[in-house]
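Quick note: the sequence shown uses numbering that gives the first Met the number 0, first residue 0, plus one each step.
For glycine and all other residues, C-beta sits at the position ideal for the given N, C-alpha and C.
Computed from a predicted model, the values in this text were never measured in an experiment.
Below: the structure, in structure tokens.
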Amino acid sequence: MFAENKFKRELIDKHIQKHNTVSIYRVGNLVDLCTGPHLPHSGYIGEIIVQKQSGSYWQGNVENPKTQRIHGISFKTRDELKEWKKLQEEIAKRDHRVIAKNQKLFTLDMESPGGVGFLPN
């Protein structure tokens with residue numbers, strides 16, 4: 000079933016060594032490894048927003064191939080999504096890093112992450 004996917008084969012082999020079983024789940028045409036929770040069908044998901052994507056090395060080892068992560072969030076209704084977006088905008092307005100930068104209170108040095116230089120005000 001997963002013969003063409005070396006990543007899933009590795010996960011299956013490791014999991015079987017510990018648990019003797021593997022959980023496989025199907026939603027429509029998609030068949031994948033999964034431990035849950037599960038939905039009867041993807042129509043329950045509603046509105047989806049992709050928040051960010053990033054890459055990482057398989058199993059955290061730089062000798063391994065790079066894989067891709069996709070981070071997202073879902074809402075049952077479009078109104079819930081709109082409300083969440085509005086809340087995120089309000090949170091961003093109150094972010095002390097943004098406020099301090101706009102008021103020119105301090106500067107951040109890229110060569111000293113976390114280091115703050117206060118500006119004369």
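- Determine the DSSP secondary structure at I72, reduced to helix, strand or coil. If you number the sequence shown from 1, residue 72 lands on position 73. In this structure, I72 counts as strand in the three-state DSSP scheme.
- Could you spell out where the alpha helix (DSSP H) holding D78 opens and where it closes? Position 79 of the sequence shown holds residue 78. That run of the alpha helix (DSSP H) goes R77 to K92.
- Item | Under the three-state DSSP convention, the category D108 falls into | Taking the first residue of the sequence shown as position 1, residue 108 is located at position 109. D108: coil per DSSP, three-state reduction.
- Query: What are the start and end residues of the beta strand (DSSP E) that includes L29?
  - Reply: To locate residue 29, count along the sequence shown from 1; it is residue 30. Where L29 is concerned, the enclosing beta strand (DSSP E) stretches over L29 to L32.
- Message: Per DSSP, what are the beta-bridge partners of Q67 in this structure?
- Response: The count along the sequence shown starts at 1 and reaches residue 67 at position 68. BP columns for Q67 point to G54.
- Query: Does the region 73 to 87 come within contact of the region 26 to 37, defined as at least 3 CB pairs closer than 8 Å?
  - Reply: no
- Message: Taking the alpha helix (DSSP H) that I11 belongs to, which residues open and close that run?
- Response: The residue given as residue 11 occupies position 12 in the sequence shown. Its alpha helix (DSSP H) spans residues K5 to H18.
- What three-state label does DSSP hand V61 in the structure shown? In the sequence shown, residue 61 corresponds to position 62, counting from 1. Here V61 sits in coil by DSSP.
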